[in-house]
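Letter by letter, the sequence shown follows residues 21 to 349 of this note's numbering.
The structure under discussion appears below in the form of structure tokens.
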Amino acid sequence: MPAEWEPHTSTWLTWPRPDGISFPGRYEVVPPVLAKLVRLIAEGEAVHINIWDAELERLAKHALEAEGVPMAAVEFHPFRAYEPWCRDHGPLFVTRPGSDRAIVNWGYNAWGGKYPPFDLDDAIPVQVADALGLPLFEPGMILEGGSIDVNGAGDLLTTEACLLHPNRNPRLAEGDIEARLRGFLGVDKITWLGDGIEGDDTDGHIDDISRFVSANTVVTAVEPDAADRNHAPLQANRERLGQAFDVIELPMPRRIEQDGQRLPASYANFYICNAHVIVPTYRDANDDRALGLLREAFPGRTVTGLDSTDLIWGLGSFHCLTQQEPAAK
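Structure (structure tokens):
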């Protein structure tokens with residue numbers, strides 16, 4: 021599996037439905053944010069959008085055109101999914117030198133069966149493989165794309181809280197899971213972190229806490245306030261990472277709540293596309309600091325902040341919404 025910063029041919033997204041459960045009572049503010057996201061991605065690569073029906077496609081096109089998105093770069097596909105989190109239900113591409121790409125069809129159960137139904141979301145990788153004429157590999161294991169991060173050089177990051185949770189693969193031991201990760205993603209070394217951040221309904225996805233920015237360097241979220249529930253688990257993760265990689269500490273934004281529930285706001289949920297590193301911002305005092313650190317971590321790339329305050333109400337941000345299609349090697 022290539023690193024996210026390697027060249028893409030395109031990015032895949034799933035456009036949210038007005039009657040989906042991800043943005044209750046706030047849907048109308050979401051399409052303009054997605055249109056801004058697509059415009060940034062389309063500066064450097066094609067964008068594929070899974071769409072529920074013709075009416076939603078019409079509404080999506082209206083939002084994209086209003087933002088000035090070059091529509092020649094966008095292709096819609098009649099592949100239905102209940103919710104928009106394409107990082108987790110979308111196709112996970114792998115490559116091999118001297119050959120084309122393939123898709124690994126990890127199973128999807130809506131983060132441990134939390135949000136049924138999810139059968140349509142689970143079928144997206146098969147539909148994409150058919151549309152692109154790519155081989156499809158079947159690991160026989162539940163895994164969301166947001167639960168792993170790779171550096172393209174044999175290393176993979178994940179968390180015990182998510183990948184070893186009994187609501188994912190209760191019949192697989194840790195060794196079985198590691199064997200599948202190695203066999204289907206071409207990784208040699210797996211670094212297990214502990215818990216994710218408070219408010220993350222995925223049971224601790226890695227893409228909210230720790231991300232590769234180069235083969236040897238990881239950015240990881242830290243919380244200096246010892247009274248904050250994120251402090252101890254993030255510090256423990258940072259200590260594990262420090263044993264294997266160079267580490268850049270990324271601040272956390274202030275606590276954001278919805279109806280008394282903490283939302284999983286994190287600067288680590290950035291998306292690396294060809295033209296930009298798109299970083300979620302939260303109208304927070306730490307926004308500029310996080311952007312500055314990521315600009316230092318990605319020399320030669322354009323690091324762009326994009327307001328995610330409305331998106332985070334759906335418990336995810338830009339990395340959760342996107343899935344890269346790498347160029348063939």
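Ideal Cβ placement from N, Cα and C applies to all residues, glycine included.
Three-way DSSP call (helix, strand, coil) for Lys209 in this model: In the structure shown, Lys209 sits in a strand (DSSP, three-state: E or B).
Per DSSP, cross-strand counterpart(s) of Val242: Val242 pairs with Pro271.
Pairwise C-alpha distance: Asn236 and Thr329: Taking the straight line joining both Cα atoms gives about 31 Å.
Contiguous beta strand (DSSP E) assignments of at least 3 residues, all confined to the region 85-155: With a minimum length of 3 residues, the continuous beta strand (DSSP E) runs that stay inside the region 85-155 are 94-97, 112-115 and 121-124.
Minimum C-alpha distance to Pro38 - residue among Pro27, Gly325, Val124 and Asp73: Comparing Cα-Cα distances from Pro38 to each of Pro27, Gly325, Val124 and Asp73, the minimum goes to Asp73.
Per DSSP, cross-strand counterpart(s) of Gly325: The secondary-structure analysis by DSSP pairs Gly325 across a beta bridge with Val299.
Local Cβ density within 10 Å of Asn187, reported as buried at 16 or more and exposed below that: Asn187 is exposed by the Cβ-count criterion.
Terminal residues of the alpha helix (DSSP H) in which Asn250 lies: Asn250 -> no alpha helix (DSSP H), and no H or E assigned at all.
Helix, strand or coil at Asp304 [DSSP, three-state]: Coil, per DSSP.
Nearest candidate by alpha-carbon position, reference Trp333, set Pro52, Val94, Arg282 and Ala264: For Trp333, the closest alpha carbon among the candidates Pro52, Val94, Arg282 and Ala264 is that of Arg282.
Straight-line Cα distance separating Gly280 from Ala151: The alpha-carbon of Ala151 is positioned some 43 Å away from that of Gly280.
Sub-8 Å separation of Asp108 and Tyr135 beta-carbons: In this structure, Asp108 sits away from Tyr135, with a CB-CB distance that is not shorter than 8 Å.
Test item: CB-CB of Tyr102 and Asp142 under 8 Å: Result no, Cβ atoms of Tyr102 and Asp142 do not sit closer than 8 Å.
Proximity to Cys340 [Cα-Cα], best of Met272, Ile229 and Glu180: The shortest C-alpha separation from Cys340 is found at Ile229.
Whole-number beta carbon distance between Val299 and Leu326, since they are thought to touch under 8 Å: Rounded to the nearest angstrom, the Cβ distance from Leu326 to Val299 is 7 Å, consistent with a contact under 8 Å.
Where the alpha helix (DSSP H) through Ile61 begins and ends: Run containing Ile61: Val50 to Ala62, per the alpha helix (DSSP H) assignment.
CB contact flag (Ala83, Pro51, <8 Å): For Ala83 and Pro51, yes; Cβs fall inside 8 Å.
Segment contact, 8 Å Cβ cut-off, at least three pairs: the region 145-164 with the region 106-125: Three or more Cβ pairs closer than 8 Å define a contact, and the region 145-164 meets that threshold against the region 106-125.
Residue from Lys56, Gly320 and Leu176 whose Cα sits closest to the Cα of Arg231: Here the closest residue by C-alpha is Leu176.
His28 beta carbon near the ligand MG (any heavy atom closer than 7 Å): The model on display carries no ligand, and the ligand MG is accordingly not part of it.
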